[in-house]
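Single-structure report; data block below.
Given below as structure tokens:
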């Protein structure tokens, strides 16, 4: 049902295989449909993943502020997250409105951002928390992508920041200088006045537009 419903929004992204130990990929999935990304700490038998399981290390990156699939040149538009089993405490999901954050920036900062391009990489975000080592085949299959730091939302015409943990650096800038700017923008965009916190109940379905969160 979720796949059919999500398909109404457009073509669906397919989840890639993930290692469960270095160099060894999962042959079976807890959810057999690869159009469904399994955001969970359970293995295919329903057991909690071992601390040394690479799937656990890979999933840690979901704890960071991110925009879904910004590391792809054809990035995600809509995402749908359906809660099936939730923890008794914690597990909230936060959404930062990057349109409102952009609107609140000083004009001098907006002028500075005009025309800047950021390089995004799934391996950059995974390296931040450590533990997951991609194979050369994975790196080649999921190369970096480049996107404007400020994007125009079709339809509304509003501008929004397009940043977060997959954004590695600013193209054409010294690496550390670009990362400092990206960190500054992320800290600004994730202030409480721009953030909605969703506290999950079992059965909730949340849909969001990745072009502006």
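Numbering (our numbering), first residue to last: 1 to 213.
All C-beta atoms in this analysis are idealised placements derived from N, C-alpha and C, irrespective of residue type, glycine included.
The structure presented is a predicted model; accordingly, all values stated were derived computationally and were not measured.
N- and C-terminal bounds of the beta strand (DSSP E) containing residue i
{"i": "residue 71", "result": "Premise fails: residue 71 is in no beta strand (DSSP E) and is neither H nor E."}
{"i": "residue 170", "result": "167-170"}
{"i": "residue 60", "result": "Careful: residue 60 lies outside any beta strand (DSSP E) and carries neither H nor E."}
{"i": "residue 80", "result": "78-82"}
{"i": "residue 164", "result": "Looking at the DSSP string, residue 164 is not in any beta strand (DSSP E), and its letter there is neither H nor E."}
Nearest candidate by alpha-carbon position, reference residue i, set the options
{"i": "residue 73", "options": "117, 5 and 56", "result": "117"}
{"i": "residue 115", "options": "76, 36, 130 and 170", "result": "170"}
{"i": "residue 14", "options": "121, 185, 93 and 142", "result": "142"}
{"i": "residue 173", "options": "113, 206 and 188", "result": "113"}
{"i": "residue 135", "options": "54, 182, 67 and 120", "result": "54"}
{"i": "residue 206", "options": "47, 92 and 120", "result": "92"}
{"i": "residue 67", "options": "125, 100 and 45", "result": "125"}
{"i": "residue 160", "options": "137, 185, 178 and 144", "result": "185"}
{"i": "residue 56", "options": "195, 69, 129 and 4", "result": "129"}
{"i": "residue 210", "options": "6, 62 and 75", "result": "75"}
{"i": "residue 140", "options": "154, 200 and 16", "result": "16"}
{"i": "residue 52", "options": "41, 89 and 111", "result": "41"}
{"i": "residue 5", "options": "47, 194 and 78", "result": "78"}
{"i": "residue 146", "options": "162, 45, 138 and 9", "result": "162"}
Residues near residue i by beta carbon distance below 6 Å, same chain, minus five either side
{"i": "residue 43", "result": "49"}
{"i": "residue 204", "result": "83"}
{"i": "residue 105", "result": "none"}
{"i": "residue 100", "result": "194"}
{"i": "residue 175", "result": "169"}
{"i": "residue 60", "result": "129"}
{"i": "residue 196", "result": "95"}
{"i": "residue 212", "result": "98, 99, 153 and 160"}
Beta-bridge partners of residue i, as assigned by DSSP
{"i": "residue 96", "result": "195"}
{"i": "residue 48", "result": "42"}
{"i": "residue 117", "result": "148"}
{"i": "residue 207", "result": "80"}
{"i": "residue 262", "result": "There is no way to answer for residue 262, as the model of the chain reaches only from 1 to 213."}
7 Å Cβ shell around residue i - same chain, five flanking residues per side excluded
{"i": "residue 2", "result": "36, 80 and 82"}
{"i": "residue 132", "result": "54, 57, 58 and 126"}
{"i": "residue 155", "result": "none"}
{"i": "residue 179", "result": "169"}
Cut-off 8 Å between Cβ atoms - residues of its own chain near residue i, not counting five sequence neighbours on either side
{"i": "residue 166", "result": "66, 67, 70, 71, 120, 121, 122, 124 and 125"}
{"i": "residue 64", "result": "125, 128, 129, 164 and 165"}
{"i": "residue 38", "result": "15, 29, 30 and 31"}
{"i": "residue 12", "result": "3, 6 and 35"}
{"i": "residue 202", "result": "83, 84, 85 and 86"}
{"i": "residue 177", "result": "170"}
Boundaries (first-last residue) of the alpha helix (DSSP H) holding residue i
{"i": "residue 185", "result": "175-189"}
{"i": "residue 85", "result": "Residue 85 -> no alpha helix (DSSP H), and no H or E assigned at all."}
{"i": "residue 124", "result": "122-129"}
{"i": "residue 142", "result": "No alpha helix (DSSP H) holds residue 142; DSSP gives it neither H nor E."}
{"i": "residue 2", "result": "2-6"}
beta-carbon residue i near the ligand GTP non-hydrogen atom, thresh 8 Å
{"i": "residue 33", "result": "You won't find the ligand GTP in this model; it holds no ligand whatsoever."}
Query raised in the report: Would the stretch 78-88 and the stretch 140-152 be scored as touching if the rule is three or more Cβ pairs under 8 Å?
Result: no
Report task. Answer yes if the stretch 186-193 comes into contact with the stretch 94-113, meaning at least three C-beta pairs across the two stretches below 8 Å, and no otherwise. Result -> yes
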